[in-house]
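Q: Supplied in structure tokens, the structure appears directly below.
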Amino acid sequence: MPKYGKKAQETVKEAMHKYKQGELKSGQSGKKVKNPKQAVAIGLSEARKKGAKVPKKK
């Protein structure tokens, strides 16, 4: 059984695309994201807000 749903994968893909273009900003501070792991975390967080199938944060 897959860990992440299709919708979650799409959201992370969009976040990574924005990261690679240099357009992805972090939450409250609004600073540019420089770490790919942070970009994935932002994508998963957005997917959770949309109601996609994503495991809970530890």
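Last residue of the sequence shown: 58 in full-length UniProt numbering, with the numbers rising by one and none dropped.
Just so you know, even glycine gets a beta-carbon here, dropped at the ideal spot from N, CA and C.
By the three-class DSSP mapping on this structure, what secondary structure does alanine 32 have?
A: Here residue 32 is taken as the residue at index 32 of the sequence shown, counted from 1. The question names alanine, but residue 32 is lysine in the sequence shown. It is a strand residue.
Q: Could you check whether tyrosine 4 and lysine 53 sit closer than 8 Å to each other, using their CB atoms as the reference points?
A: Within the sequence shown, residue 53 is the residue found at index 53, counting from 1. Within the sequence shown, residue 4 is the residue found at index 4, counting from 1. Taking 8 Å as the Cβ cut-off, lysine 53 and tyrosine 4 qualify as a contacting pair.
Q: Can you tell me the Cα-Cα spacing of glutamine 28 and proline 2, whole angstroms?
A: Numbered from 1 along the sequence shown, position 28 holds the residue referred to as residue 28. Numbered from 1 along the sequence shown, position 2 holds the residue referred to as residue 2. Taking the straight line joining both Cα atoms gives about 31 Å.
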